[in-house]
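Undergrad: Encoded as C-alpha cells, here's the structure I'll be asking about.
There are 2 protein chains.
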Amino acid sequence: MALEHAILVSLLEKPGSGYELARRFERSIGYFWTATHQQIYRVLRRMESDRWVDVRDVPQYGRPDKKEYSVAPPGREALSLWLSEPTEPESVRHDLAVKIRGAAFDDPAALISEVERHRQAHTGRLAHYLAGEARDFGEPSADGPLDAERELQHVVLRGGIAYERMMIAWLDDVLATLARFDAEH
Amino acid sequence: MALEHAILVSLLEKPGSGYELARRFERSIGYFWTATHQQIYRVLRRMESDRWVDVRDVPQYGRPDKKEYSVAPPGREALSLWLSEPTEPESVRHDLAVKIRGAAFDDPAALISEVERHRQAHTGRLAHYLAGEARDFGEPSADGPLDAERELQHVVLRGGIAYERMMIAWLDDVLATLARFDAEH
DNA sequence: CGTTGTTATGCAACGAGGTGCATAGCAGGA
DNA sequence: TCCTGCTATGCACCTCGTTGCATAACAACG
C-alpha cells in the first residue's frame, strides 16, 4: 500500500494534477511503480479527505481545467513516518519465468519469439533510460555537488539501467538455452 | 492472472496438495511468483471445477490426509494455449526506489540501515540460490545432455542469481550515495 | 494432561487494482 | 461538418490478493 507514498514523493518533486501524475506513472516513476489513472484519482481523493494533500483549481485556456494537488504538512509527516518503517523486499511476479519452466512440457522452441519480444522491450527501455541519464545527469549539477533530490533520482535511474542490462544478458542466456533444444529438436 | 499457470507448471513438475504447493511458493517457485495458501486453495478449487486438474484423496498416517492434485488434459491444453500467447513485461513495484527518491525530502542518512537490511536479504537469497544450484545442477545431468525440464529450471535459477547479484551491486551504489550525504550532513 | 508445533484445509471480509465505459472541452484535419 | 485525438476527471463492476480467524489430526515435550 505504498501508492499513496509514491504519489507524495511525486508531488513533492513537483505538484500536479491527477492526469499529470498518471502520465508520470507511465514515464519515470512508472518504471519502478505502476498505477492506472483510476487508481490515482481514487487515492488522491482519499488523500485529500485525509488532508495529506491540498487541492487548487487551475483554470486553463485551450484545454479543460484541472485540479492541482500539492503535499500538505500531514502528508509530509505520513511520508516521513513511512520512510522510517522497515519495508519488506518486493514480491516478484515474472510471467516469463513461469513460461520458461512451463515450456519443458510443451515446445521449448516456440518460446523463442516471445523471449525475443521481451528482449526488445528491455533494450528499448535501456535506451530510454540512457537517453534520460545523458539529458538529466550528463553535466554536473548547477545546484552544487550535493543536491539530494538530483543525486537520489540518479541512483534510482542507475538501478533501472542495471536492471535492464541484467535482463538483456539473462534473456540472451535464455535464448541460447532454448536454441539448443531447437537445433537438436 | 497467471497463478493458474504457475500452479499447472508446478503440478506438472510434480503433483502435490495445496499445502505442498504453498510451500513450493515459499521456496523455488516463490522466488519469481508469490502466492498465499488461501489463494492457492481457492484457485485449485476453480481449476478442479474447470477440469484442469484431477484430485485424489491420499490417506496419510501420522498426519492429516491430503488431496493430491495432478494436471488433467484440459489443464495441459490451457497451459499450452497460454504459452503461445504473448505476455506483457511485468509491472514493477519497488518500495525501496520510492523510499530513496522520497529520502530527498527527509533525512537521506536515515535510510542507510533500511538499505542495509535489504542488502542482507538479497545476500541471503543469493547464497540460497547458489547452494541450490550446486546441489541440483552441480554435476552433469544423468538423463542426458538435453533434459528440457532440468535445463529450463537451471536457466530460470541463473536469472535469479543474476538478479540478486545486480541488486547487491546496486544497493552498494545506493549506500555509497547515501553515505555522501551523511558525511557532509 | 496440557502446550506447542507441524501438516492440512478452509471461510469471511476487506482493500488493492484493473477493465470498460462515460463525459466534457477543445484542437486539428479531411 | 464530422471524425479523430488529446487533456481531464470520474463511475461501476469484478477479480486478485491479503489478513485474520477457525478447524482438525497428530507428534513431541514437560
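So the sequence lines, in the order shown, correspond to chains A and B. Here the first sequence is numbered in numbering that gives the first Met the number 0, starting from 0 and rising by one per residue. Here the second sequence is numbered in numbering that gives the first Met the number 0, starting from 0 and rising by one per residue. The beta-carbon is built from N, C-alpha and C at its ideal position, and this holds for glycine as well. Treat the numbers as computed from the prediction; the structure is a model and nothing was measured.
Which runs of the alpha helix (DSSP H) spanning at least 4 residues fall entirely within the region 9–96 of chain B, listed in chain order?
TA: 17–23, 36–48 and 72–83
Undergrad: Given residue 125 of chain B, which residues of its chain have a CB within under 6 angstroms of its CB, disregarding the five upstream and five downstream residues?
TA: 163
Undergrad: Let me see if you follow: with CB-CB separation under 8 angstroms, is residue 128 of chain B close to chain A or not?
TA: no
Undergrad: Can you give me the C-alpha to C-alpha distance between residue 66 of chain A and residue 34 of chain B, rounded to a whole angstrom?
TA: 39 angstroms
Undergrad: What number of angstroms, rounded off, separates the C-alpha of residue 58 of chain B from the C-alpha of residue 102 of chain B?
TA: 55 angstroms
Undergrad: From residue 107 of chain B to residue 95 of chain B, what does the alpha carbon distance come to, in whole angstroms?
TA: 13 angstroms
Undergrad: Three-state secondary structure (DSSP) at residue 1 of chain A?
TA: Note: residue 1 of chain A maps to coil in three-state DSSP.
Undergrad: Whole angstroms is fine: what's the gap from residue 117 of chain B's alpha carbon to residue 86 of chain B's?
TA: 29 angstroms
Undergrad: With a Cβ-Cβ cutoff of 8 angstroms, do residue 2 of chain A and residue 42 of chain A count as a contact?
TA: yes
Undergrad: Is it a yes or a no for the region 161–180 of chain A touching the region 146–158 of chain B, going by three-plus beta-carbon pairs under 8 angstroms?
TA: Touching, per the Cβ criterion.
Undergrad: Would you mind working out which of A:12, A:111 and A:89 sits nearest residue 181 of chain A, comparing C-alpha positions?
TA: The shortest C-alpha separation from residue 181 of chain A is found at A:111.
Undergrad: Run down chain A in chain order and give the residues with a C-beta less than 9 angstroms from the C-beta of residue 14 of chain B.
TA: Neighbours of residue 14 of chain B on chain A: none; closest Cβ ~13 angstroms, over 9 angstroms.
Undergrad: For the alpha helix (DSSP H) containing residue 185 of chain A, name the first residue and the last one.
TA: Outside the shown range of chain A (0 to 184) lies residue 185 of chain A, about which nothing can therefore be said.
Undergrad: Judging by CA-CA distance, which residue of A:99, A:68 and A:54 is the nearest neighbour of residue 147 of chain B?
TA: Ranking A:99, A:68 and A:54 by CA distance to the CA of residue 147 of chain B puts A:99 first.
Undergrad: Within 8 angstroms of any Cβ in chain B, is that where the Cβ of residue 51 of chain A sits?
TA: no
Undergrad: Please tell me whether residue 22 of chain A has its Cβ less than 8 angstroms away from any Cβ of chain B.
TA: no
Undergrad: Is the shortest distance between the beta-carbon of residue 98 of chain A and the beta-carbons of chain B less than 8 angstroms?
TA: yes
Undergrad: List, in chain order, every chain B residue whose beta-carbon is nearer than 8 angstroms to that of residue 110 of chain A.
TA: 82, listed in chain order.
Undergrad: With three or more C-beta pairs closer than 8 angstroms as the rule, is the region 73–83 of chain A touching the region 38–57 of chain A?
TA: yes
Undergrad: Could you pull out every residue in the same chain whose Cβ sits closer than 7 angstroms to the Cβ of residue 136 of chain B, ignoring the five residues on either side in sequence?
TA: Counting only Cβ-Cβ distances below 7 angstroms, and skipping sequence neighbours, we find 153.
Undergrad: Since I believe residue 32 of chain B is in contact with residue 93 of chain A (beta carbons under 8 angstroms), could you give me their beta-carbon distance rounded to a whole number of angstroms?
TA: The pair is a contact, with the Cβ atoms about 7 angstroms apart (cut-off 8 angstroms).
Undergrad: Could you tell me how far apart the beta carbons of residue 105 of chain B and residue 79 of chain A are, in whole angstroms, since I believe they sit closer than 8 angstroms?
TA: 5 angstroms
Undergrad: Would the beta-carbon of residue 60 of chain B fall within 8 angstroms of that of residue 15 of chain B?
TA: Not closer than 8 angstroms, so no.
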